[in-house]
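Each residue of the sequence shown is one higher than the one before, starting from 895 at the first, in our numbering. Using N, Cα and C, we set each Cβ at its ideal position, and we do this for glycine too. Beneath this line is the structure, given in structure tokens, with notes to follow.
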Amino acid sequence: MSFLEKVKMYDLTQPLSHLTPPWPTYEPLQIKFFKRLAPNGANGQLITTSNHVGTHLDGELHFCTNGRDIASLPLDFLVGPGVVVDISDIAEDYGIYTPKDIMERADVREGDILIIHTGYHHYAWDQPNADEIKYMIKHPGPTMEFAEWCIKMKIKWIGVDCGSADHPMNTKIREWMPNQAKEADKYLKEKYGKGLDEFFPASHYQLMHIKLFPYGIIHAENLGGDIDKLLNKRTVIGCFPWRFVGGESSICRIVAFHEE
895 MSFLEKVKMY DLTQPLSHLT PPWPTYEPLQ IKFFKRLAPN GANGQLITTS
945 NHVGTHLDGE LHFCTNGRDI ASLPLDFLVG PGVVVDISDI AEDYGIYTPK
995 DIMERADVRE GDILIIHTGY HHYAWDQPNA DEIKYMIKHP GPTMEFAEWC
1045 IKMKIKWIGV DCGSADHPMN TKIREWMPNQ AKEADKYLKE KYGKGLDEFF
1095 PASHYQLMHI KLFPYGIIHA ENLGGDIDKL LNKRTVIGCF PWRFVGGESS
1145 ICRIVAFHEE
């Protein structure tokens, strides 16, 4: 039996288009033809984009001055055993998830690639229930406890099916969208008895980036595609960015190689 007969490939990548929203304030993907079949005999396109549009891998260099660029990431780092953990049953606008939420739902092992399924990919631009505000501004996220757990577990890299691996209100979005910040603060105080300043003090700012990237624990954002077909399953996961010398991040394709 051949490899392809034993293994089914699942594409965990969001489609990429000029309609794909970038992370807030970043440059979107812009495309134009610089030549066409008539009269040039070939089609050719020119693209302008930031590295943070659609499914993409945040590299160490994105937040860490002495971090590795994308070209420096070896294949045995990008591809390896991992697990897709479904927390959609507890995911809600501005929600908080914890290591316990992850561990009690799937078999997560030291050194894994960890894919977190919040279910918010159903609000991505290409979905019937598309909602850019919900997808980018209201998705759930973790606290410092989670980042410290990732270090302890030696997680290789993380993938999320929403706009950021950080809670949106632990990013610049908190300043840019004050109405949603008030809404989030109210939700957290009603549910947990403490608000944004207590969950995310200044010293914890963008903890999933600033705390983890110096340890080489980076993450991919905006996953989608076939992710719903692998919930709470262990599999082999591969992330394929450009071999990008000097790249702080990269648009990428993410594939699960699953033995049926």
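- Secondary structure note for residue 929: its beta strand (DSSP E) is the uninterrupted segment 924-929.
- Distance between residue 903 and residue 1118, taken at the CA atoms: about 14 Å.
- Straight across, the Cα-Cα distance linking residue 956 with residue 1142 is about 5 Å.
- In its chain, beyond the 5 residues on either side, 944, 946 and 947 have a beta carbon closer than 8 Å to the beta carbon of residue 920.
- Beta bridge pairing from DSSP links residue 941 with 925.
- Annotation note: the region 1046-1092 contains the following uninterrupted alpha helix (DSSP H) runs of length 4 or greater, listed N- to C-terminal: 1067-1070 and 1072-1086.
- The Cβ atoms of residue 1000 and residue 1139 do not sit closer than 7 Å to each other.
- In this structure, the alpha-carbon of residue 1008 lies about 12 Å from that of residue 981.
- In this structure, residue 907 sits near residue 1147, with a CB-CB distance shorter than 7 Å.
- One alpha carbon belongs to residue 1084, the other to residue 1153, and they sit about 44 Å apart.
- Per DSSP, residue 971 is one residue of the alpha helix (DSSP H) stretching across 969-972.
- Looking at the DSSP output, residue 1014 bridges to nothing.
- In this chain, residue 1101 is not harboured by any beta strand (DSSP E); it is covered by the alpha helix (DSSP H) spanning 1101-1104.
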